[in-house]
Amino acid sequence: MTQLDLAHLEQWIGKVQKDQDLLSARHARLMAATVGIPGEGLVGGAPLPPLWHWIFFLEGQPPQSLGRDGHPARGGFLPPVPLSNRMWAGGRLEFHEPLRIDCVVEKTSQVVSIQHKQGRSGDLVFVSVLHELSAGGKLAIREIHDIVYKEATPPGAKKEKLIAPGIATHSRRFKPDSTTLFRYSALTFNGHRIHYDADYCRQVEGYPDLVIHGPLHATLLANYAEEVAGKALKRFEYRGLQPSFLGEQLSINARPGDEGLLLWTALADGQPAMKAEASF
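All residue numbers for the sequence shown refer to the working numbering, where the first residue is 109 and numbers rise by one.
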């Protein structure tokens, strides 16, 4: 592998990080404005929409503590994987209690696994982090978050054609523009340059344009799942399949599954970008 000492990286397994935050109604309403939904009901005591906890518990590092990609330099809580690109690969969430707006929530995070795999484009390293969020002494959300590290994709590399998981019974359109990407990066204090620096995207990470955030895809799918089902989520599992870029119109799709709903975001040509399963 490329300058990778897996035994060294595995020393990060078991690392723990604790945090707490106030789930501010103002911040939630800014999220509603970003995705274009009404925010009047986002008041103290109301349940926070699913996956919106990602806009809280924000970490701010000074400039000298950032890597060249704009993220915090590697080797702190997360291991220093020496592969240039890192992104959200997917995750699995269990919802036990609603998180309520304007309530204080505690979060405990732990690195639980580090795995090396071979992909079509070369080495992949998957880092999985367990997050547990509690309010009033009760567990509200248990989440496994998978992060993938890989080398940059060479320009012009052939892409695998992906097939959507069936025919949607419910669908809507969403086309993020540069303002959407800026606002979501600001809301999550995400300095990753793939979302705002087109030259960096093309010259360093091998993308044709700004990348639409993976967690934004997942959030749109989770919110659509509750809208279609008319019920609160109990479990939600999602996986990124391919990146999407500024200027692409996404469709948000759902159809019945074995235990709830199958969902996916798709590009204009119908190929899926992210897929998910939801149960209630």
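Glycine included, each C-beta is placed from N, C-alpha and C at the ideal position.
Reference residue i; option with closest CA among the options
{"i": "Asp177", "options": "Gln218, Ile252, His300", "result": "His300"}
{"i": "Leu349", "options": "Leu341, Ala340, His321", "result": "His321"}
{"i": "Gly314", "options": "Glu148, Arg194, Gly147, Leu174", "result": "Arg194"}
{"i": "Lys225", "options": "His204, Lys258, Trp196", "result": "Lys258"}
{"i": "Ile249", "options": "Pro323, Gly152, Leu201, Leu329", "result": "Leu201"}
{"i": "Gly153", "options": "Lys267, Gln119, Pro206, Gly230", "result": "Pro206"}
{"i": "Pro187", "options": "Met382, Pro284, Gly122", "result": "Gly122"}
{"i": "His204", "options": "Pro190, Gln218, Pro158", "result": "Pro158"}
{"i": "Asp377", "options": "Ala384, Ala115, Ser352, Gly368", "result": "Ser352"}
{"i": "Trp162", "options": "Ile302, Thr296, Ala330", "result": "Thr296"}
{"i": "Arg281", "options": "Asp307, Asp231, Leu358", "result": "Leu358"}
{"i": "Asp366", "options": "Leu138, Glu385, Ser217", "result": "Glu385"}
{"i": "Gly245", "options": "Lys342, Ser221, Lys215", "result": "Lys215"}
{"i": "Leu329", "options": "Ala243, Asn298, Val124, Leu371", "result": "Leu371"}
{"i": "Arg67", "options": "His325, Gly274, Asp127, Asn331", "result": "Nothing can be reported for residue 67: it is not among the residues displayed for the chain, which extend from 109 to 388."}
Residue i, DSSP secondary structure in three states
{"i": "Val312", "result": "helix"}
{"i": "Leu159", "result": "coil"}
{"i": "Asn193", "result": "strand"}
{"i": "Ala118", "result": "The sequence shown places Glu at residue 118, not Ala. Three-state DSSP puts Glu118 in a helix."}
{"i": "Ala243", "result": "strand"}
{"i": "His303", "result": "helix"}
{"i": "Leu232", "result": "strand"}
{"i": "Ala248", "result": "strand"}
{"i": "Arg324", "result": "Note that residue 324 corresponds to Leu in the displayed sequence, not to Arg. Looking at Leu324 - three-state DSSP - the assignment turns out to be helix."}
{"i": "Met109", "result": "No answer about Met109 holds up, because its pLDDT of 44 lies below 50 and its placement is not dependable."}
Residue interval of the alpha helix (DSSP H) (run including residue i)
{"i": "Tyr135", "result": "The sequence shown places His at residue 135, rather than the Tyr named in the question. First-last of the alpha helix (DSSP H) with His135: 133-143."}
{"i": "Gly348", "result": "Where Gly348 is concerned, there is no enclosing alpha helix (DSSP H), although the beta strand (DSSP E) it sits in stretches over 343-348."}
Where the beta strand (DSSP E) containing residue i begins and where it ends
{"i": "Thr216", "result": "212-227"}
{"i": "Pro364", "result": "358-364"}
{"i": "Phe290", "result": "First-last for Phe290: 286-295, but that is the alpha helix (DSSP H), not the beta strand (DSSP E)."}
{"i": "Phe282", "result": "278-282"}
Beta-bridge pairing of residue i - partner residues as DSSP gives them
{"i": "Gln128", "result": "Glu214"}
{"i": "Leu174", "result": "Pro180"}
{"i": "Thr373", "result": "Ile360, Met382"}
{"i": "Tyr332", "result": "Note: Tyr332 sits in no beta bridge, so no partner."}
{"i": "Gly199", "result": "His253, Tyr346"}
{"i": "Val319", "result": "Phe353"}
{"i": "Val237", "result": "Val219, His253"}
{"i": "Lys258", "result": "Asn193, Leu232"}
* Do the stretch 129-145 and the stretch 208-218 meet, that is, are 3 or more Cβ pairs less than 8 Å apart? -> yes
* **Segment contact, 8 Å Cβ cut-off, at least three pairs: the stretch 331-338 with the stretch 357-375** => yes
* Taking 8 Å as the threshold, find out whether the stretch 278-294 comes into contact with the stretch 226-244 through three or more Cβ pairs. => no
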